[in-house]
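Numbering (full-length UniProt numbering), first residue to last: 1 to 191. Where a beta carbon is used, it is the ideal one built from N, C-alpha and C, also for glycine.
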Amino acid sequence: MENRIRCAWAGNDVLYQSYHDNEWGRPVHDDRLLFEMLILEGMQAGLSWITVLKKRDAFRDAFDNFDPKIVAGYGGDKIEQLMNNSGIIKNRLKINSAVVNAQSFLKIQAEFGSFDRFLWAFTDGQPIQNSWTSVSEVPAQTELSDKISKELKKRGFKFVGSTIIYAYLQAVGVVNDHTADCFLYDGCIRY
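Rendered as structure tokens:
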């Protein structure tokens, strides 16, 4: 495993490599995990992804394993409890947005049957296959992320700008941005 070629961003950090090797870029169709990743990508805004990864287990504990039905019902007491939780990113705007996003997420589930169906409809259910040779070629946002960001904002979501949404699309495999030399590139094509 040590001799595998990975996307350059995975570097030498074991946590980054594990996330890259086991999650990033693999198509996700589980609504709970889609919700979790959407909230975590929003939490990352202005920070590094490694900061979020290191706190991920604490986030899962604090946010009831990212069950959108539970998070949607958080009130003032729970928000204050989260603001006092040293294991997570204590940003009131981001925490409040998680509650608003859970409520909006549930509305999409009710309208489309699942958030998965809503999200993947933007690509006709198929991952977009890019073939970058270097991470420097990978865009920070695209027309697709612009479109999804705009639609989510229209539906009441917060912390869903185009750059955050593009990172989200990469993470949940809607877009395959593994570089062509990465050992996972071909595997993500076959999903």
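Practice task
Ignore the nearest five residues each way along the sequence and tell me which others in L6's own chain have a CB closer than 6 Å to its CB.
Solution key: The sequence shown places Arg at residue 6, not Leu. By the criterion of a C-beta distance shorter than 6 Å, R6 is surrounded in its chain by H20, C182, once the five residues flanking it on both sides are discounted.
Problem - Per-residue DSSP class, three states only, for I128 - result: Under the three-state reduction of DSSP, I128 is assigned to strand.
Exercise for the section: May I ask you to report which of helix, strand or coil DSSP gives N101? Expected result: Here N101 sits in helix by DSSP.
Problem - Residue burial classification, T51 (beta-carbon count within 10 angstroms, cutoff 16) - result: The C-beta of T51 has fewer than 16 other C-beta atoms within 10 Å across all chains shown, which makes the residue exposed.
Problem - For V14, three-class secondary structure by DSSP - result: V14 carries a helical assignment under DSSP once its states are collapsed to helix, strand and coil.
Practice task
Report buried or exposed for G173, applying the criterion of at least 16 other Cβ atoms within 10 angstroms of its Cβ.
Solution key: G173 should be labelled buried.
Practice task
Rounded to whole angstroms, what's the CA-CA distance from K154 to F66? Just pull it up for me.
Solution key: Rounded to the nearest angstrom, the two C-alpha atoms are 22 Å apart.
Practice task
Check whether the Cβ atoms of S149 and L169 lie closer than 8 Å to each other.
Solution key: 8 Å or more divides the Cβ of S149 from the Cβ of L169.
Problem - Residue burial classification, F105 (beta-carbon count within 10 angstroms, cutoff 16) - result: By the neighbour-count rule (16 or more Cβ atoms within 10 Å), F105 is buried.
Problem - Cβ-based neighbour list, A171, same chain, cut-off 7 Å, excluding 5 preceding and 5 following - result: These residues qualify, in order along the chain: W24, M37, E41.
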